[in-house]
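This report concerns only the one structure given below.
There are 4 protein chains.
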Amino acid sequence: MLIIMRPDFSEAQCLRVEDAVRAMGYQPVRVPGAGRTAVCVTGNRGPVDDSYISRLPGVAHCHRITKPFKLVSRDSHPTDTVIRIGDVVIGEGDPVLVAGPGSIETEARTLAVARAVRRAGAGIFRARLWSERIGPYEFAGVGDEGLHTLREVREELGIAVIAEVVDPRSAERVAEIVDAVQIPARHMENEPLFEAAAGLARPVILDRGPAATVEEWLMAAERLLARGQREVILCERGIRAMGHRRTLLDLHAVPVVRQISHLPVLVDPSRAVAERGRVRPLARAALAVGASGLLLEVHTTPDTAYTDPKQTVDVPTFTGIVEDLAVMRGLTPLSPAPPPT
Amino acid sequence: MLIIMRPDFSEAQCLRVEDAVRAMGYQPVRVPGAGRTAVCVTGNRGPVDDSYISRLPGVAHCHRITKPFKLVSRDSHPTDTVIRIGDVVIGEGDPVLVAGPGSIETEARTLAVARAVRRAGAGIFRARLWSERIGPYEFAGVGDEGLHTLREVREELGIAVIAEVVDPRSAERVAEIVDAVQIPARHMENEPLFEAAAGLARPVILDRGPAATVEEWLMAAERLLARGQREVILCERGIRAMGHRRTLLDLHAVPVVRQISHLPVLVDPSRAVAERGRVRPLARAALAVGASGLLLEVHTTPDTAYTDPKQTVDVPTFTGIVEDLAVMRGLTPLSPAPPPT
Amino acid sequence: MLIIMRPDFSEAQCLRVEDAVRAMGYQPVRVPGAGRTAVCVTGNRGPVDDSYISRLPGVAHCHRITKPFKLVSRDSHPTDTVIRIGDVVIGEGDPVLVAGPGSIETEARTLAVARAVRRAGAGIFRARLWSERIGPYEFAGVGDEGLHTLREVREELGIAVIAEVVDPRSAERVAEIVDAVQIPARHMENEPLFEAAAGLARPVILDRGPAATVEEWLMAAERLLARGQREVILCERGIRAMGHRRTLLDLHAVPVVRQISHLPVLVDPSRAVAERGRVRPLARAALAVGASGLLLEVHTTPDTAYTDPKQTVDVPTFTGIVEDLAVMRGLTPLSPAPPPT
Amino acid sequence: MLIIMRPDFSEAQCLRVEDAVRAMGYQPVRVPGAGRTAVCVTGNRGPVDDSYISRLPGVAHCHRITKPFKLVSRDSHPTDTVIRIGDVVIGEGDPVLVAGPGSIETEARTLAVARAVRRAGAGIFRARLWSERIGPYEFAGVGDEGLHTLREVREELGIAVIAEVVDPRSAERVAEIVDAVQIPARHMENEPLFEAAAGLARPVILDRGPAATVEEWLMAAERLLARGQREVILCERGIRAMGHRRTLLDLHAVPVVRQISHLPVLVDPSRAVAERGRVRPLARAALAVGASGLLLEVHTTPDTAYTDPKQTVDVPTFTGIVEDLAVMRGLTPLSPAPPPT
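The following block contains the structure:
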């Protein structure tokens, strides 16, 4: 249930509402917004009796939520959530381009890539500490040592940096260096990692798992919001589907998520297509369908990249995507469709 | 195997090559092209001995094809195939917009839709004779009677028209009226229908089946080409994938097909997304990824459409897509990526 | 809606009920059963008003059906449907074993296989007239000529024979020779073929399409029943799923179908697994899960089979499956689970 | 590469071989077996030069491995791996039945279930500490507190117990109490958890992720083996597939894994089917196809189970499965098929 406060409500009224919710055995979560403030009731397993609460001072009305997700839903937060990573704004205005090598490499090589993508127009730099390898005999990534390299990139170029968290024990350490953390697809339901990520004072980019439905992905985001992490950005990066490719980019997911949720959605075509020559066409499609930004694996010398050379594009291709974005700016913005009845 | 003729080859030389292929027990298929002519050897189950043929007069060289498809491949026809439906050109220049109601309705209603989409910018009119219903109790379509209506649309508006063929017995009758026929997804492997469609003097639009890999879809096209139907247009319209939607538009398929094949590829977002509010975003994505055109279900009063009202857009939305296409014209054309090694 | 007649109803009463249904603009379909007779109302798009009909003489009560399928449902026919192919009974007692080569080969070879599988315990012989090839350059099957061979098998061995129908123009001709026809998976939604098959005086085995949900498959069966074909047998033969194999046998489908429908379900592990060494384990699983029988590709010399040699088992393996069936006879029969609430 | 030692090799010879491998920059992993001992070379990215090593004393011959997995493969360990959990043997003889409630409940309720399944024939007791919930508002499981309950079950009934590990920080604590740990499907690629699990002196049951191919699952097992965890048991529990059910049990996976790998494979039909009435038919199918055992959610009062009541069966159903297993004992054991060429 969602308790919508009157425009002129006082803090004391809101605290009293929250106490009343607790007295019923549930957890109140306050959802401030541009036009209105609401208190979301969580922890209930069935309909909540609103007869008492709806008459408390400062309460405008109560609204029943029948969907399994509450805090991620536009019901509780009708306007788009806007999140800042460094000095870049995500969720309004131009889509953001996040670029970098698949993994952090040597400091010199990593800085070279960072300078090149920064110059070409990247808003944020991203590189993995740990490689998303399949087997034990592939390159494992530089690990924690890469944090030093990320700090160099940040200081030298003044660009915001992103790296992933995979272990609850090191999440805090990563967050001290980076401007936002990413939860990789294979950890989309890693509960102990969620607990750690929820407590970080950094935005969290939540990858969709390759077998997750949109609903399951939103429920994973709901877990972060329910623990107090307000700055969640979703990232579509391909789902498993029959056929000959590793994953298939689910671009339907972008308008579907925008319809249901107020959270921004990035798209990562590099991971999804797993082949260099297809990255730019799919990047265009992702921008066209309404993504809030792109995550791209870019390298100055892609063939020598430590991870994923086949899917890593070169800097001229990235520059082309920056130009594509400029053309797409001519498209009329579409508001999210009303949910299907 | 592909026998590439010299630029100055004579007809007699080519006939002799074809006879030599037949003498080896295989079938020759001549593939004329802008820059070169080739003879494709079909019917062999293993490598073909080229020692004799490669020395025949007029032969430049022989080229082994290791992929299962030959005639659809860029190996046998390196440049894009361009196909004309009525006065509309598909496969070069601007993407074509094909629009119309899900099914043919009454003559008056159908004409009203045709006039509206024509005025808004549709290049071709399409409407089904038979509804793609799931069960026996849904609207079955008007059937053969609709041919009269299509003829009216064609004559009154001077617009090319498309309808589907589903029965080998009536394929010829449909082809007499329309400018191109469409083989629906559920008939993608209907061999007797293929035999009938291969013999029609009309371009054939071949839908991808919802469980077909790109290779299987191209092999289905190969069956048409092997029987002498040169004018084949592919149409991606969604594949089955886990999650909550009917099908998922496989936009990877567009660059993948362009890489492998010279045939044009249309995209049908209406069938794939099955929800009105998502058609325009996905139409944009399909144009951005490089489709040769779109098939769209459009109606003057979508809620009253005889079939698929939920996925049918209104005329203003279609007009918006025409505008989107104009913006996308600013994107640099991308040549097909070289095939992965 | 389902109109359940009283146990002592007269033919005149039933005719009057059917007239009343027609008068309301719907189609009545009579469903006789062991314990009761019902009249199913079809063609309605919403709830039917039963106030008049429920008071007609001979009517016990009216029962609303909310599922999209009616005639295939246990609601309209609570007991298992039992179908006879030649002298073999399907749907009660022991599961039936249908065996034969992937395609009809020469008469001598085909008869050799038929004799061997008959001797080993096959109840029915099955071989395809047309090969389920992917591309135009593979073996196409012997076609109509194979009917003569099937007649020989039938006459010499006294065994029932099955072949597939793929073309509405030849369905009648096939049905004259065989004891049952099979609609291949790739024709699961071929409407003109359904019309032809519905009119045949032979049981119809309906393959599940590789991308069809259980509901869509049952709706396809509903189309046959709605046109008067009462003898429909379902056949699960693998669906598309991510991973490295052609298809995945959906053995959940067997208890799910038995729960919803009264129709028998066969399982074809050969098509599904596409590899010889996995046929017997999956055949065991299919028998264990409750299939009404198996369709198996068996050959005296599998490596030389004209089609599908990789998935064709030899006669000793088939004999092993016959022995497995004998062991499984010791399992307690399970009644279909009540539908989930 | 695999270095096969002669039957009469000495320890000193093997150590010298291992040193030689290290000198080439790779990691040796010794693989002892019933009939032979091998040293597996890991860490190489291409073919290894065997000219020196193959001539070392005690070396029989060298064998190139072209598959991505080595230690899980039958190439390195041809005979079935047999693993002991408590006094139960897995991987030879009768399949093992593992049973228990979805989650640990109160001590009294959990003990009641344990006593009932023990009496009915369960070889091992399993219950989750943490619920596999989708959203933040569902029952989260009792957590670490449940370890006390598991200890009670173990001591009172003398039955081996299994619980899952999800957090590297608590893996050791769980392993102190239980006889084997389980890595849940959603953690199939959780690298930090793998590091922790590899070091435990307990067998590890590795669930297949719902979007993992068999190869990816085996590569996950390879990661455990490469870190020295020799006692790995695989568990198939359903993959995502189109259609109306949560997951589809991939029973092909059992013969496929047995063909490639020496590790035992369990099947969990409860998680996969998500509906009580389908558990026993699928349990039968899993036993028939050759699973090394079953994991089943069983409760004395299933409707009141804290988690997954819909998929939890009652004790009489479990007793029925024990009887089914006795019948299946009559089936001839099948040896794993040779790998496809």
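Chains as they are written, first to last, in numbering that gives the first Met the number 0: chain H, 0 to 340; chain W, 0 to 340; chain P, 0 to 340; chain S, 0 to 340.
Note that CB positions come from ideal geometry on N, CA and C, so glycine has one too.
Bear in mind the structure is a predicted one, so any value in this text is a computation, not a measurement.
C-beta neighbour in chain S for residue i, strict 8 Å
i, result
"W:M187", "no"
"H:G134", "yes"
"P:P416", "With chain P covering 0 to 340 only, the question about residue 416 of chain P has no answer from this structure."
Contact with chain P by residue i, beta-carbon distance below 8 Å
i, result
"H:R239", "yes"
"S:A284", "yes"
"W:E91", "no"
"W:M218", "yes"
Cutoff 8 Å: residue i Cβ touching any chain W Cβ
i, result
"H:A119", "no"
"H:G329", "yes"
"P:R236", "no"
"P:R5", "no"
"P:A225", "yes"
"H:G319", "yes"
"P:R29", "no"
"P:R73", "no"
Buried or exposed (CB count within 10 angstroms, at least 16 for buried), residue i
i, result
"P:P301", "buried"
"P:L247", "buried"
"P:A325", "exposed"
"P:K69", "buried"
"H:P183", "buried"
"W:E10", "exposed"
"S:H147", "exposed"
"S:Y51", "exposed"
"S:G24", "exposed"
"H:E104", "buried"
"P:G208", "buried"
Interface partners of residue i on chain H, CB under 7 Å
i, result
"S:E221", "G134, P135"
"W:L333", "R279, P280"
"S:T306", "By Cβ distance, chain H contributes nothing, its closest Cβ being about 13 Å from S:T306, past 7 Å."
"S:P384", "Chain S is shown from 0 up to 340; residue 384 of chain S falls before or after that span and cannot be answered."
Closer than 8 Å at the beta carbon, the chain S residues around residue i
i, result
"H:W129", "E190"
"P:A174", "Those within 8 Å of P:A174 in chain S number zero; the least Cβ separation is about 32 Å."
Proximal chain W residues relative to residue i, where beta-carbon distance stays under 9 Å
i, result
"H:D366", "With chain H running from 0 to 340 in the structure shown, residue 366 of chain H is simply not present."
Interface flag, residue i vs chain H, CB-CB below 8 Å
i, result
"W:A184", "no"
"W:I288", "Checking the sequence, you will find Val at residue 288 of chain W rather than Ile. W:V288 counts as touching chain H."
"S:R168", "yes"
According to DSSP, residues forming a beta bridge with residue i
i, result
"H:L233", "H:L205, H:V264"
"W:A59", "Partner(s): none; W:A59 has no beta bridge."
Per-residue contacts from residue i into chain S (C-beta, under 9 Å)
i, result
"H:A159", "Those within 9 Å of H:A159 in chain S number zero; the least Cβ separation is about 26 Å."
"H:R360", "The requested residue 360 of chain H is not part of the displayed model; chain H covers only 0 to 340."
Contact list for residue i against chain P, beta-carbon separation under 7 Å
i, result
"W:V215", "One point to set straight first is that residue 215 of chain W is Glu, not Val, in the sequence displayed. The contacting residues are I133."
Chain P contact residues for residue i, given Cβ-Cβ distances below 8 Å
i, result
"S:V326", "V326, M327, G329, L330"
Using a beta-carbon distance cut-off of less than 9 Å, what residues from the stretch 251-275 of chain W approach chain B? No chain B appears in the structure shown, which is made up of the protein chains H, W, P and S.
So, does the stretch 269-285 of chain P touch the stretch 76-87 of chain P, judging by three or more C-beta pairs under 8 Å? no
Count the CB pairs spanning the stretch 4-23 of chain W and the stretch 14-31 of chain P that are closer than 8 Å, and state whether there are at least three. no
Taking three-plus beta-carbon pairs below 8 Å as touching, is the stretch 159-166 of chain P in contact with the stretch 118-125 of chain P? yes
Between the stretch 278-290 of chain W and the stretch 280-290 of chain H, can you find at least three pairs of beta-carbon atoms closer than 8 Å? yes
Specify whether the stretch 34-47 of chain H and the stretch 186-195 of chain H touch according to this definition: at least 3 beta carbon pairs, one from each stretch, less than 8 Å apart. no
Pair every Cβ in the stretch 221-230 of chain W with every Cβ in the stretch 217-228 of chain H, then say whether three or more of these pairs are closer than 8 Å. A contact between stretches requires three or more CB pairs, one per stretch, nearer than 8 Å, and the stretch 221-230 of chain W fails this requirement with the stretch 217-228 of chain H.
Do the stretch 301-320 of chain S and the stretch 252-267 of chain P make contact, defined as three or more Cβ pairs closer than 8 Å? no
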